[in-house]
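Residue numbers (the numbering used here): 1 to 196. This report concerns only the one structure given below.
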């Protein structure tokens, strides 16, 4: 039931606002990305600085955490393979529930059918790592581009077309030479004129 790591970099103390429904607390934090977040072509590199602006709000069933994370994105253009670097604002929102307890205040372990995706307040702390990771991955483009109109690479030589917009190769393919000769007039390599 305790999905939260007790001592991770993204563990936040929520004793204030505590359990006073409606009370809020604002936090600004600068933390290092705990691990690579993203896909093979784009994401946040482990150790990168992440800035968080958060609001912690006590609600009846737990603590609602909302805010934004500014994350440095590094990747590779899916068309021309150029490096991509930019900062992205990621919206965060997660409800961390208080663990159910019995009349004596002891934590009640959930039954086997309980939702294991719940986020929990554990020892007055919440772990934002999973929330941040999920939000970043969902925000990343499936096919990142260095610019919306990136022309990509030349299919023949692999040169970046953005660097040389007029880049071209002679349209010479020896497999089509016989067909090209058919379109030429007789005497210039074209087919011989038919005799009556």
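We put the CB at the ideal spot given by N, CA and C, even for glycine.
Remark: C-beta atoms of residue 92 and residue 66 approach each other more closely than 8 Å. In the structure shown, residue 93 adopts extended strand secondary structure according to DSSP, grouped into three states. Bounds of the beta strand (DSSP E) holding residue 125 are 125–127. For residue 182, the enclosing alpha helix (DSSP H) begins and ends at 177–182. Annotated three-state conformation of residue 28 is strand, per DSSP. In this structure the segment 142–149 lies against the segment 68–80, because at least three pairs of beta carbons, one per stretch, are closer than 8 Å. Burial check for residue 60: the Cβ neighbour count within 10 Å stays below 16, so the residue is exposed. Residue pairing from DSSP places residue 51 in a beta bridge opposite 30, 70.
Below 8 Å, too few C-beta pairs join the segment 149–167 and the segment 36–48 to call them touching: fewer than three. Take the alpha-carbon of residue 52 and the one of residue 129: they are about 12 Å apart.
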